[in-house]
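Below is one structure; the comments refer to it alone.
Numbering (the UniProt record's numbering), first residue to last: 1 to 227.
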């Protein structure tokens with residue numbers, strides 16, 4: 001299945017989740033040349049005193065995509081500012097997810113660090129004119145997913161994706177795409193677990209038309225090969 005270019009949205013692509021996971025896995029192995037021992041990079045914290053600590057998880061220890069455990073951290077737990085009230089809510093099952101590869105922050109590897117970054121993102125988004133944090137969910141490298149607007153509140157209407165207003169979730173992978181190991185394979189796997197929860201457990205997503213929309217498709221050089 002090839003990549004579907006949406007002609008109505010300049011440089012945006014419709015990508016299946018399977019394509020994204022295949023490409024992410026390939027890039028992760030290629031970056032660290034780990035195809036023989038089948039280890040997957042979890043993340044590289046910022047250098048401390050000239051050293052970079054690399055965290056690995058064995059392939060045998062990595063749960064299957066369908067079963068990878070995730071914890072969704074509530075707004076209250078990460079210390080969100082109060083909801084503004086009067087938000088627009090979804091009125092039907094959601095068929096699309098817009099994945100933002102770049103939250104414009106550093107990556108995070110602990111609950112405390114990720115919570116601080118998510119609070120900063122909320123403050124930044126409000127300063128930019130949003131009524132609240134712009135994302136429905138944010139995925140960290142600490143095995144946690146952070147609730148933003150959540151399952152039922154729509155992203156605000158903008159000029160970025162007007163055709164899809166009130167039809168998509170906005171999800172960010174915490175980190176900066178200019179760093180060499182972002183996004184991590186762990187984040188891509190966790191992202192799929194979020195989708196599985198919405199599709200199968202909560203039944204809030206449209207399983208017949210579910211599509212991932214992403215702009216920075218060329219960040220995965222072999223996404224086209226995985227198609």
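Cβ atoms here follow ideal geometry from the backbone N, Cα and C, with glycine treated the same way.
**Asked** Per DSSP, residue 89 forms a beta bridge with which residues?
**Response** If you number the chain shown from 1, residue 89 lands on position 89. Per DSSP, 153.
**Message:** So if DSSP puts residue 173 in a beta bridge, which residue, or which two residues, is it bridged to?
**Reply:** Within the chain shown, residue 173 is the residue found at index 173, counting from 1. In the DSSP output, where bridge partners are listed per residue, residue 173 has 139.
**Request:** May I have the straight-line CA-CA distance separating residue 170 from residue 114, to the nearest angstrom?
**Result:** Taking the chain shown and counting its residues from 1, one reaches residue 170 at position 170. Taking the chain shown and counting its residues from 1, one reaches residue 114 at position 114. When rounded, the distance between both Cα atoms is 18 Å.
**Request:** May I have the straight-line CA-CA distance separating residue 82 from residue 151, to the nearest angstrom?
**Result:** Translated into the one-based positions of the chain shown, residue 82 becomes position 82. Translated into the one-based positions of the chain shown, residue 151 becomes position 151. Cα-Cα distance, rounded: 17 Å.
**Request:** Report buried or exposed for residue 189, applying the criterion of at least 16 other Cβ atoms within 10 angstroms of its Cβ.
**Result:** Walking along the chain shown from the start, residue 189 turns up at place 189. Buried, because 16 or more other Cβ atoms sit within 10 Å of the Cβ of residue 189.
**Asked** Three or more C-beta pairs closer than 8 Å, one from the segment 90–99 and one from the segment 185–204: is that the case here?
**Response** yes
**Prompt:** Expressed to the nearest angstrom, what Euclidean distance is found between the alpha-carbon atoms of residue 158 and residue 127?
**Reply:** Here residue 158 corresponds to residue number 158 of the chain shown, with the count starting at 1. Here residue 127 corresponds to residue number 127 of the chain shown, with the count starting at 1. Between residue 158 and residue 127, the C-alpha separation is close to 16 Å.
**Message:** Which residue wins for smallest C-alpha separation from residue 172, given the options 137, 160, 206 and 186?
**Reply:** Here residue 172 corresponds to residue number 172 of the chain shown, with the count starting at 1. Selected option, being the one with the closest Cα: 137.
**Message:** My assumption, with CB atoms under 8 Å, is that residue 88 sits in contact with residue 154. Please give the rounded CB distance.
**Reply:** Numbered from its first residue, the chain shown carries residue 88 at position 88. Numbered from its first residue, the chain shown carries residue 154 at position 154. Contact flag correct, Cβ pair sits at about 5 Å.
**Item:** When 192, 86, 76 and 139 are compared against residue 108, the one with the closest alpha-carbon
**Value:** Taking the chain shown and counting its residues from 1, one reaches residue 108 at position 108. Minimum Cα distance to residue 108 is reached at 139.
**Item:** Beta-ladder partner(s) of residue 96, from DSSP
**Value:** The count along the chain shown starts at 1 and reaches residue 96 at position 96. DSSP output for residue 96 lists 168 and 211 as bridge partner(s).
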